[in-house]
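Q:
Number of protein chains: 2
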Amino acid sequence: MLLCDIGNTFLHFLDDKRGEYKRQVVAFNPSTLLEKVYYISVNKTLSKKLEDLDNWIDVEPFIQRENYYETMGIDRICAVEAISHGVIIDAGSALTVDIVRDGVYEGGFISPGKRAMQKCYSEISPALRYPFHFELDQQKLATNSQDAISYGYLKLLASEILSYNLPIILTGGDAEDFAKLFKSVAVNKRLLFEGMQKIITQIEKI
Amino acid sequence: MLLCDIGNTFLHFLDDKRGEYKRQVVAFNPSTLLEKVYYISVNKTLSKKLEDLDNWIDVEPFIQRENYYETMGIDRICAVEAISHGVIIDAGSALTVDIVRDGVYEGGFISPGKRAMQKCYSEISPALRYPFHFELDQQKLATNSQDAISYGYLKLLASEILSYNLPIILTGGDAEDFAKLFKSVAVNKRLLFEGMQKIITQIEKI
Chain A
1 MLLCDIGNTF LHFLDDKRGE YKRQVVAFNP STLLEKVYYI SVNKTLSKKL
51 EDLDNWIDVE PFIQRENYYE TMGIDRICAV EAISHGVIID AGSALTVDIV
101 RDGVYEGGFI SPGKRAMQKC YSEISPALRY PFHFELDQQK LATNSQDAIS
151 YGYLKLLASE ILSYNLPIIL TGGDAEDFAK LFKSVAVNKR LLFEGMQKII
201 TQIEKI
Chain B
1001 MLLCDIGNTF LHFLDDKRGE YKRQVVAFNP STLLEKVYYI SVNKTLSKKL
1051 EDLDNWIDVE PFIQRENYYE TMGIDRICAV EAISHGVIID AGSALTVDIV
1101 RDGVYEGGFI SPGKRAMQKC YSEISPALRY PFHFELDQQK LATNSQDAIS
1151 YGYLKLLASE ILSYNLPIIL TGGDAEDFAK LFKSVAVNKR LLFEGMQKII
1201 TQIEKI
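Just so you know, the sequences run in chain order A and B.
Under this note's numbering, think of the first position of the first sequence as 1, with each following residue one higher.
Under this note's numbering, think of the first position of the second sequence as 1001, with each following residue one higher.
This is the structure in structure tokens:
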């Protein structure tokens, strides 16, 4: 089975046999692919083209959208669909946090991602231009500038997430960095694809 | 008595009788002022000039710097000197949080200020370009984009601050906005000057 997560710049594929790979949107002609592809897409131009291709199946219509809020991204929803009990942290350009308890989506919040937050601090003052200290002692208030911004970003985030008392699942490009904040955490870079897979299994039963 | 907080752009005065007023650094000649001025300064060029003027007295050498960390701003230290028990939130371009318990400075942390954080979210995605919702229900996870970023910024901050179980004192340009996050809070825009005043009283005793 071939799964595809379509962004504005890349198509991100997961193939049963070949594993994961990426293709640039500009250089990709979807009609060259003849096998069945299940996809989600935030790229409206490409989505339009795919409507005419029978082997490209949009997963989005099969999701119970009413369980989520209106402007919630389809990629975030697919990651949530993958689990039934836990906190999902997707650490990318934004850091989205979503809470699912006993199969029910409770809501979430959005923090800036690592790079965006670092840029934010360094634009306030060159004196705050530090990389974050992910190994920070979270029990101790900061007594230097690097720890002061790391505490302000990372400790506040970790406290909030631990307060839910749920299993923690990390995904996204910066998952390994944020994993350092927790004693017990699972890193799963394919969470979105696992969510798609789960929805597809339901489609195929129909 | 005349107190002055010197930044890179403005001199911020507090006069016993006239109250507060500001002067632009570029348009200000310190030798025109003949009365005694107690000041703190982060402006090295202007500080250099003031060394030759007997009526301008730098308060910084009278502060016990060893109680604070090396790179901590003198303005932040003065605000802390004003109180002996509480959390100080200075909501400006950065949002600094400092904890003083039973007369002892315990440390603090730095979050981005309101404007910097709003810019940060909106640069991640135009879909996150919202003003913050300071009246947010902090007990409820977000189910729309505006609340998702407001929760990510404000609720995490409020939780951390409440966790100290100390009186909360707000200062800085955005103090009124952040005051909405707490049931019990004092807004004191002159905290830094009160700290200076306290140090000066000790100087004058010598």
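C-beta: ideal position from N, C-alpha, C; glycine also.
Source: prediction; values computed, not measured.
Can you look up residue 111/A in the DSSP assignment and give me helix, strand or coil?
A: On the first sequence, residue 111/A is found 111 positions in, with the first residue counted as 1. Correct three-state label for residue 111/A: strand.
Q: Please list the partners that residue 171/A has in chain B, where partner means a Cβ-to-Cβ separation under 8 Å.
A: Mapped onto the first sequence, residue 171/A falls at position 171. Under the 8 Å cutoff, chain B gives no residues; its nearest Cβ is about 17 Å from residue 171/A.
Q: One question on the structure: do residue 1171/B and residue 1054/B come within less than 7 Å of each other, judged by their Cβ atoms?
A: Counting from one through the second sequence, the residue named residue 1171/B turns up at place 171. Counting from one through the second sequence, the residue named residue 1054/B turns up at place 54. Going by C-beta atoms, residue 1171/B is not nearer than 7 Å to residue 1054/B.
Q: Verify whether the separation of the beta carbon atoms of residue 1002/B and residue 1015/B is less than 7 Å.
A: Counting from one through the second sequence, the residue named residue 1002/B turns up at place 2. Counting from one through the second sequence, the residue named residue 1015/B turns up at place 15. Result yes, Cβ atoms of residue 1002/B and residue 1015/B sit closer than 7 Å.
Q: Can you list the residues of chain A that residue 1078/B reaches, using a CB-CB cut of under 8 Å?
A: Within the second sequence, the letter at position 78 stands for residue 1078/B. None at all; the shortest Cβ gap to chain A is about 17 Å.
Q: In terms of alpha-carbon separation, which member of 1196/B, 1046/B, 1073/B, 1126/B lies closest to residue 144/A?
A: Along the first sequence, read from residue 1 onward, the residue named residue 144/A stands at position 144. If we check each option's Cα against that of residue 144/A, 1073/B comes out closest.
Q: I want to see whether chain B comes within less than 7 Å of residue 109/A, judged by CB atoms only; does it?
A: Here residue 109/A refers to the residue found at position 109 when the first sequence is read from its first residue. Yes, because at least one Cβ of chain B sits closer than 7 Å to the Cβ of residue 109/A.
Q: In the DSSP assignment, the alpha helix (DSSP H) including residue 200/A goes from what residue to what residue?
A: Counting from one through the first sequence, the residue named residue 200/A turns up at place 200. First-last of the alpha helix (DSSP H) with residue 200/A: 191–205.
Q: Please decide whether residue 1084/B counts as near chain A, where near means a Cβ-Cβ distance under 7 Å.
A: In the second sequence, residue 1084/B corresponds to position 84, counting from 1. So, not an interface residue.
Q: Examine chain B for any beta-carbon lying closer than 7 Å to the beta-carbon of residue 4/A, and answer yes or no.
A: On the first sequence, position 4 is the one that residue 4/A refers to. It does not: the Cβ of residue 4/A has no partner Cβ on chain B nearer than 7 Å.
Q: Please name the residue, chosen from 1077/B, 1169/B, 1180/B, that lies closest to residue 1134/B on a Cα-to-Cα basis.
A: As a position in the second sequence, residue 1134/B is number 134, starting the count at 1. It is 1180/B whose Cα lies nearest to the Cα of residue 1134/B.
Q: Among 130/A, 41/A, 155/A, 160/A, which one has its Cα closest to the Cα of residue 88/A?
A: To locate residue 88/A, count along the first sequence from 1; it is residue 88. Closest by alpha carbon: 160/A.
Q: So with Cβ pairs under 7 Å, would you call residue 1176/B a contact of chain A?
A: Looking up residue 1176/B in the second sequence gives position 176. By this cut-off, residue 1176/B is not an interface position.
Q: Residues in its own chain within less than 6 Å of residue 12/A by CB, not counting five upstream and five downstream?
A: Mapped onto the first sequence, residue 12/A falls at position 12. Once the five neighbours on either side are set aside, the close Cβ partners of residue 12/A are 5, 22.
Q: Hey, is residue 142/A's beta-carbon within less than 7 Å of any beta-carbon in chain B?
A: In the first sequence, the residue the question calls residue 142/A occupies position 142. Yes - at least one Cβ of chain B is within 7 Å of the one on residue 142/A.
Q: Please list, in chain order, all residues of the same chain as residue 1177/B whose beta carbon is under 6 Å from its beta carbon, the five residues on each side excluded.
A: Along the second sequence, one-based indexing puts residue 1177/B at 177. 1134.
Q: With distances taken Cα to Cα, identify the nearest neighbour of residue 1184/B among 1126/B, 1110/B, 1167/B.
A: For the purposes of this step, residue 1184/B is taken as residue 184 along the second sequence, with counting starting at 1. Checking every option, the nearest Cα to that of residue 1184/B belongs to 1167/B.
Q: Of all Cβ atoms in chain B, is any one closer than 7 Å to the Cβ of residue 116/A?
A: Stepping through the first sequence from its first residue, residue 116/A is reached at position 116. Yes, contact with chain B.
Q: By Cβ distance, which residues of its chain are closer than 7 Å to residue 1122/B, with the 5 residues on each side in sequence left out?
A: For this step, residue 1122/B is matched to residue 122 along the second sequence. Counting only Cβ-Cβ distances below 7 Å, and skipping sequence neighbours, we find 1128, 1129.
Q: Mind checking the segment 1003–1027 of chain B against chain A and listing, in chain order, the residues whose C-beta falls within less than 9 Å of any C-beta there?
A: From the segment 1003–1027 of chain B, no residue has a Cβ closer than 9 Å to chain A.
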